Structure formats: C-alpha cells, structure tokens
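Numbering (the working numbering), first residue to last: 771 to 1129.
Below: one structure, written as structure tokens.
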Amino acid sequence: MSLMNNFNDPRILDVSKKIFEEHFRLDPKLENEMNQRRRKSMYDDIVYNISYLLTSVYFKDVTIFKEYSIWVYELLCNLMKDLDRDRIMEQMIDHFTIMQTMIEDHLNTLLTREEIVIAKEHLDVGILAIQEAAENVEFSNNFTSGEYTEIRKAYLTALLMGKTKDAHQVIAQTKLNGIPLLDIYEKILAPTMHEIGELWHRSIITVDKEHYATSVTQNVMSTFYSEIFESQRRNKTLLSCSVGNELHEMGVRMISDIFEYSGWDTYYLGAALPKDAVIKAIREHQPDVIALSVTMQPFLKNCEELVYEIRKQFPDIKIAVGGQAFTSTNSLWEKWPIDHYSTSGEQLLLWANQTIEHG
C-alpha cells in the first residue's frame, strides 16, 4: 500500500464517486430516502469507509473494520429513524458489496493484489457484523423473563428480519411440541406483539414493520382456527371490538379466539366501528359479555361514551374493558359503570366463566 493517510488521493475520491453513483443506480429507493443533506453525508461516509478499510488492511487487523461497521450501522439507525434497521442493513450491505467490486477494478494501482484480497475479506466480515447487529435488538425485561422466552425471541427475531416462513415455523413447531394453544396466544404471541409496539415507540422499527408483524401474526393465528372452532359449545356469547377509530385490534382479536376456543360463541366486530353500529350489534346478538379494547389513550373518551351508552340501553349485560391505554391511567376504569377490567385474555375468560355460570 503506497499511501496510508492521504485519503484526498484522486484515486480514492474517484472510486468514492463511482461507488456513490453505482449505489443509486442499483437501488431506486435511495432517491426518495436520501435528501440533499443525506446524499452529502452518504458520499462523505464512503470516503470514511474506504479510509477505515484501508487502515484495517494496512495493519491486517479485521477487527478495526468490523467494529467500525457496527458503529456506523448503529449510528445510521439512530440518525435515520424514518427507516427501520432492516432497511439500513440492506443499504450498508449493498454498499459494501459495491465496494468489493469497485476496489478491485479501480484501486489496483493503490493496493497490491494481496491487499485487494484482504480488503474483500474484511468487507465480508463487515457484512456479517452488520447482519448480526441488525438482529441484536435490546428487548425489554418483561419480554425476556418468564416461560417460553427463547420461543418468543425466536419468533420476534424472525419478524424483525422479515422472515415470514421462519416465523410460521417457530409457532408451528411450538404447537407440535405440545405447548397449549392458550399459552401460545397469551405467553408467546401477545407478549411479542406488545414488544413490537414498544420497539416502534422507541423508534427502533418503523410503522410498516409493525404492520408487517401484525399481518404475519394474524396469519399465524388463522392456522389454529380449525382447532378453535371444533371446541364444544357453552351457549355463551361474547361481543368484542376496538373502540373509536382505533386500528390496533390484535389484542381484542386474540381475546375473541381464546373465548371461541373455550366454547363461547363470539362476535368480533373489529376496529373503527361507529358507536351506533356497536349498539345495533349488541341488540341483535344479545351477548352475555361485551369486551371493549383501547390501545391509544386519545380513544379512552370514545370508550367512556360507549360504556355509558351500553349501560343505559342494556343494564344487565356484563361489560369488560382492557388494553394498553388503561395501563397509564390512575385506575380510570374504576370510575366507569363496568363489571370487569382485565389485563389478559385468560384472566378475562376466567372471570367471564365464573360470572356467567354463577350469575
């Protein structure tokens, strides 16, 4: 290596420009993701990337480039919060792959043949380090404690990596291993979706990743429906929905499945249903229990209004509420004319069975 610190060398600047242009040519999504400020930073980063690569090659110390790659990845994840970790990983891997080709084609007057081989090997190590870093998301203490921790982590990791087939296989194998369906719902799927929400709140994943995880989990749940609907009937009915314009319906959908599996007939109304439509459904189906779910606190007012309207028109029907929105209140549900507040589907089912059978 004839030059060590002169990174203003025209050959380095020229190959940096070529890498920059080639990356945009190969990845059309960059046009929308990179404004002018980001494009300037991206070009500067290419020069830095080459400088660190050449340093690691010079000392024949791959750790230099490996640790640098991880540091850059985490930095970009923090700076570009509109992109999720998978997308930034994709950008960096594409970038390093382009570097491998460009260095061999355009820096052969700066590097020896042996150094080019080493540089490409170091880039491979950098790619692997980025892939591992993308999976190395810090999970909450609640998520990593209790039963089935490893199963939850495997399922969540598959979701974060966009591996739909792997996610399905994790749950399918769990069922084959004899884990009860209620445990799969309450102790694996529900905590995982809650953790997905927490990762979104921490800006670790973007909303499209949250929606993807929801879609995959809904599909996973659908694989159990033949078993769920084979359950012996109890001649009891649950009506459930998310309140207001709430679009987060996964929790209440799980509750409906749990009740159905336990022999209840269920009428799951989904989300974003007008109050009058809910009242009409109650009048039509005459449920024994109504379960109302709220995830986002702005919709608590909608829930309060619906509770009072239900109580006014159907004074004898049991009303239960729950959802993430209530956890950050001062026991708000105690001020409403409801019969039960629940933090889990299994808990709600136990209460409903005891209340209706002895009511």
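Glycine included, each C-beta is placed from N, C-alpha and C at the ideal position.
Quantities reported herein were computed from a predicted structural model and do not represent experimental measurements.
| query | result |
| --- | --- |
| Do you know whose CA, among Met963, Ile886, Trp1106, Val887, lies nearest Arg922's CA? | Met963 |
| State the DSSP-derived secondary structure class of Lys935, mapped to helix, strand or coil. | helix |
| Between the beta-carbon of Val832 and the beta-carbon of Ile782, is there less than 8 Å? | no |
| Tell me, please, whether the stretch 973-988 touches the stretch 1057-1077 by the rule of three or more beta-carbon pairs shorter than 8 Å. | no |
| Thinking just about the alpha-carbon of each residue, which of Asn912, Tyr813, Trp1106 is nearest to the one in Glu965? | Asn912 |
| Throw me the rounded Cβ distance for the Glu917 and Lys957 pair, which I believe falls under 8 Å. | 6 Å |
| Return the residue from the list Ile840, Thr871, Ser973, Arg1004 that minimises the CA-CA distance to Gln1122. | Note that residue 1122 is Ala in the sequence shown here, rather than Gln. Among Ile840, Thr871, Ser973, Arg1004, the Cα nearest to that of Ala1122 is on Arg1004. |
| Identify every residue that forms a DSSP beta bridge with His1007. | The amino acid at residue 1007 is misidentified as His; the sequence shows Thr. The partner list for Thr1007 (beta bridge, DSSP) reads Asp1035. |
| In the DSSP assignment, the alpha helix (DSSP H) including Tyr813 goes from what residue to what residue? | 806-829 |
| Out of Ile1025, Ser996, Leu1039, which one is the CA nearest neighbour of Val1013? | Leu1039 |
| Could you have a look at Leu1062 and say whether DSSP puts it in helix, strand or coil? | strand |
| Excluding sequence positions up to five away, which residues of its chain have a Cβ less than 7 Å from the Cβ of Leu1119? | Ile1028, Phe1029, Ser1032 |
| Considering only residues of the same chain and omitting the five flanking positions on each side of Ile868, which have a CB-CB separation below 8 Å? | Ile789, Glu792, His793, Leu796 |
| Looking at Ser1010 and Ile1025, is the spacing between their C-beta atoms short of 8 Å? | yes |
| Buried or exposed: where does Trp1034 fall if 16 or more other Cβ atoms within 10 Å of its Cβ makes it buried? | buried |
| Can we say the stretch 1048-1058 touches the stretch 1072-1090, given the rule of at least three CB pairs closer than 8 Å? | yes |
| Touch check for the stretch 946-957 and the stretch 925-934: three-plus C-beta pairs under 8 Å? | no |
| Kindly indicate which residue of Gln870, Thr1125, Leu1043 has the alpha-carbon position closest to the one of Leu1076. | Leu1043 |
| Below 8 Å, can you find three or more Cβ-Cβ pairs linking the stretch 855-864 to the stretch 892-910? | yes |
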